[in-house]
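Read through the structure below, which is laid out as structure tokens, and then see the notes.
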């Protein structure tokens, strides 16, 4: 597959934006080219129909490393996270995500999850010579999420609230939902709907973080060869 076909971010096409947070939490659009994407999709505590619901806490921390040159997922990370503020999951949350009370009780706090994830990512950076900074030589990489919710809202708010140090590499990402909308000129009906529009079937359980991350990677793989 040619380099042109594996370029995810092309300014002239106006298709793929990288979100970048600065100290004032504003986002910038920049031009970059990437060879790898780390696709994230958090699941969090939730309640049905509660207008005054508590702050959400991450309960599943999954990620997959996508090689844009081959379109293959070459590594996966998954960790269940123990909620500390609202430790008991709502029946709605378990029904929606499939995550059980036993799984989060056996999980680890968010800070530990971030540490374990960082170790996984460090290993991949060494193995595949990944670089998350344009000034550092290597295979360019960034994060990808289905909407800005995961990194701009969910993780940012919880880390701020719990005074957890958030690694700087989480401050940039590609919003795949926005890219899909710009590329196909239509609003997707969720991740499963976007896949269906391209003749693909969602694999696994919807609202399972690891399944959502895998399927987002599948969607990106289908889109990227068309970015010529």
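Residue numbers (this note's numbering): 564 to 791.
Note that the Cβ used here is the ideal one computed from N, Cα and C, for glycine as well.
Cβ neighbours of residue 679 in the same chain (closer than 7 Å, five flanking residues each side left out):
Excluding positions up to five away in sequence, the list reads 642.
In whole angstroms, what separates the C-alpha of residue 701 from that of residue 685?
A straight-line Cα-Cα distance of about 13 Å links residue 701 and residue 685.
Residue 609 and residue 659: beta carbons closer than 8 Å?
yes
Compare the beta carbon distance of residue 726 and residue 618 with 8 Å and say whether it is the shorter of the two.
no
Going along the chain, which residues of its own chain have a beta-carbon closer than 6 Å to the beta-carbon of residue 636, five neighbours each way excluded?
627, 629, 780
With DSSP as the reference, label residue 685 as helix, strand or coil.
Residue 685: helix per DSSP, three-state reduction.
Which residues in the same chain have their Cβ closer than 6 Å to the Cβ of residue 729, if we skip the five residues on either side of it in sequence?
722
Limits of the beta strand (DSSP E) - the one that residue 621 falls within
621–630
Assuming residue 707 contacts residue 739 (C-beta within less than 8 Å), just tell me the rounded distance between them.
Their Cβ separation, rounded to whole angstroms, is 5 Å, which keeps residue 707 and residue 739 in contact under 8 Å.
Residues of its chain near residue 692, where Cβ-Cβ distance is below 7 Å and the 5 sequence neighbours each way are ignored:
For residue 692, the CB contacts under 7 Å within the same chain, skipping 5 residues up- and downstream, are 701, 702 in chain order.
Identify which residue in 621, 786, 754, 663 has its Cα closest to the Cα of residue 714.
621
Whole angstroms are fine: how far does the CA of residue 688 sit from the CA of residue 699?
12 Å
Name the DSSP bridge partner or partners of residue 651?
In DSSP, residue 651 forms no bridge with anything.
To the nearest angstrom, how far is it from the Cα of residue 736 to the Cα of residue 612?
30 Å
List the DSSP bridge partners of residue 534.
Because the chain in this structure spans residues 564 to 791, residue 534 falls outside the shown range and cannot be described.
Grab me the residues of residue 652's own chain with a C-beta within less than 8 Å of its C-beta, minus the 5 sequence neighbours each way, in chain order.
608, 622, 646, 662, 663, 664, 667
Hey, out of 732, 616, 771, 675, whose CA is closest to residue 559's CA?
Summary: the structure shown does not reach residue 559, with the chain confined to residues 564 through 791, and so no result is reported for it.
Residue 749 - DSSP class collapsed to helix/strand/coil:
Of the three classes helix, strand and coil, the one that applies to residue 749 here is coil, per DSSP.
For residue 781, report the span of its alpha helix (DSSP H) as first-last.
772–786
For the beta strand (DSSP E) holding residue 738, just list the boundary residues, first then last.
735–738
Label residue 776 either buried or exposed according to how many other C-beta atoms from any shown protein chain fall within 10 Å of its C-beta, with 16 as the threshold for buried.
Buried, by the Cβ-count rule.
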